[in-house]
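If you read the protein sequences in the order shown, they are chains X and B. So the first sequence is numbered by the numbering used here: it starts at 4 and just counts up by one. So the second sequence is numbered by the numbering used here: it starts at 675 and just counts up by one. Structure record follows, encoded as structure tokens.
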Amino acid sequence: MSKLDTLVVPQVDSLVVSIAPPNLLRLQGTITMQEPSRVLGGFLRAVHEAVVADAVRVFELDVTELKFVNSSAIRLFLDWAGWLKAMSPATYRLKILTCRKFTWQKTSFVAITALAGGHIELVAAS
Amino acid sequence: MRFRPAWVYINGIRDFGEFFCRTTFPDPEVAARACVVIQETLENAIKYSLDDNSDELELEISASKTKVEFSVTSSPDRLHLDQLKAELNLLRQADPEAAFVAALERAQREPDASARLGLARMRYEGGVELFISEVGNSRIRFTAIGQL
Numbered sequence: 004m005s006k007l008d009t010l011v012v013p014q015v016d017s018l019v020v021s022i023a024p025p026n027l028l029r030l031q032g033t034i035t036m037q038e039p040s041r042v043l044g045g046f047l048r049a050v051h052e053a054v055v056a057d058a059v060r061v062f063e064l065d066v067t068e069l070k071f072v073n074s075s076a077i078r079l080f081l082d083w084a085g086w087l088k089a090m091s092p093a094t095y096r097l098k099i100l101t102c103r104k105f106t107w108q109k110t111s112f113v114a115i116t117a118l119a120g121g122h123i124e125l126v127a128a129s
Numbered sequence: 675m676r677f678r679p680a681w682v683y684i685n686g687i688r689d690f691g692e693f694f695c696r697t698t699f700p701d702p703e704v705a706a707r708a709c710v711v712i713q714e715t716l717e718n719a720i721k722y723s724l725d726d727n728s729d730e731l732e733l734e735i736s737a738s739k740t741k742v743e744f745s746v747t748s749s750p751d752r753l754h755l756d757q758l759k760a761e762l763n764l765l766r767q768a769d770p771e772a773a774f775v776a777a778l779e780r781a782q783r784e785p786d787a788s789a790r791l792g793l794a795r796m797r798y799e800g801g802v803e804l805f806i807s808e809v810g811n812s813r814i815r816f817t818a819i820g821q822l
């Protein structure tokens, strides 16, 4: 069993979190709670560590149905970019599947990708 | 619209603002921009409101032919007001995109500190310029004005 298989997804109002091993995490809904890092930060860090442990080469983060987030939630993705950048060398590439119709994804993920040291790829999936 | 500074109201008010802008303005981007501005403005006002049961937030949305304006009047603590002014002065030194990237870089450099992305996000993603004025009785009006 992969390490990703063992993770327990957090239960969050207005957000559906699902994992599809071996290499996909899907976030659907909205993230607008007051302290998203407290609820989701540890989980995303665990996903990152599981991906490294499982020796996955390309991991997909599907946010095509993540309609809206607050700026505190943008920090979650920025942190993930920081973890990748801090790895020397990074053992995997994060492919973020985005949706063109959500403006926040365009503005935030393009900027975050630029700060990830080349380890994030954006794909407009819908 | 007037209401107590409580987090639980934000989603409903943002949804109303989105509906209002989508119904009122022909450009659908205005509604998306409104969501960002309303969310971040209310979050700031609620986080930093004085811990006082009598406090009340007031949100106004108005528009002319060329501009849309969102303003929130609240009673923040004095320290927050000073920090808000300093942050706005910093942001105005760069264009909205560059200021947003700089805010992301700062947040990445300081992983344990508060992200402080909201104002920069409003300017860049919301396409608004931001202003603060003191309106008496320790209340401030935070205004975001964008082109239509």
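Virtual Cβ for every residue (Gly too), placed ideally from N, Cα, C.
Can you list, in chain order, the residues of its chain with a C-beta nearer than 7 angstroms to that of alanine 772 of chain B? Leave out the 5 residues immediately preceding and following it. none
So which residues on chain B does serine 91 of chain X lean against when the C-beta distance must stay under 9 angstroms? Simply none; closest approach about 16 angstroms.
Measure the alpha-carbon distance for glutamine 14 of chain X versus threonine 33 of chain X and round it to whole angstroms. 13 angstroms
Selection from B:Val742, B:Val710, B:Ile720 and B:Met675 that minimises the alpha carbon distance to proline 700 of chain B: B:Val742
Within 8 angstroms of chain X by C-beta, residues of the region 698 to 712 of chain B in sequence order: Glu703, Ala706, Arg707, Cys709 and Val710
Residues of chain B with a CB under 9 angstroms from the CB of tryptophan 107 of chain X: which are they? Ala706, Cys709, Val710, Arg795 and Glu799
Compute the distance between the beta-carbons of alanine 84 of chain X and isoleucine 22 of chain X, then report whether it is under 9 angstroms. no
By alpha-carbon positions, which one of X:Trp107, X:Phe112, X:Ala119 and X:Leu28 ends up nearest to aspartate 65 of chain X? X:Leu28
Looking at chain X, which residues of the region 744 to 765 of chain B have a Cβ within less than 9 angstroms of any of its Cβ atoms? none
So, does the CB of alanine 117 of chain X fall closer than 9 angstroms to a CB anywhere in chain B? yes
Here's the rule: buried if 16 or more other CB atoms are within 10 angstroms of the residue's CB, otherwise exposed. What is threonine 35 of chain X? buried
Mind checking the region 57 to 80 of chain X against chain B and listing, in chain order, the residues whose C-beta falls within less than 7 angstroms of any C-beta there? Phe71, Asn73, Ser74, Ser75, Ile77 and Arg78
Under DSSP, the beta strand (DSSP E) around glycine 820 of chain B begins and ends at which residues? 813 to 821
I'd like the list of long-range same chain contacts for alanine 768 of chain B, defined as Cβ closer than 7 angstroms, with 5 residues on each side in sequence excluded. Ala776
Per-residue DSSP class, three states only, for glutamine 757 of chain B: helix
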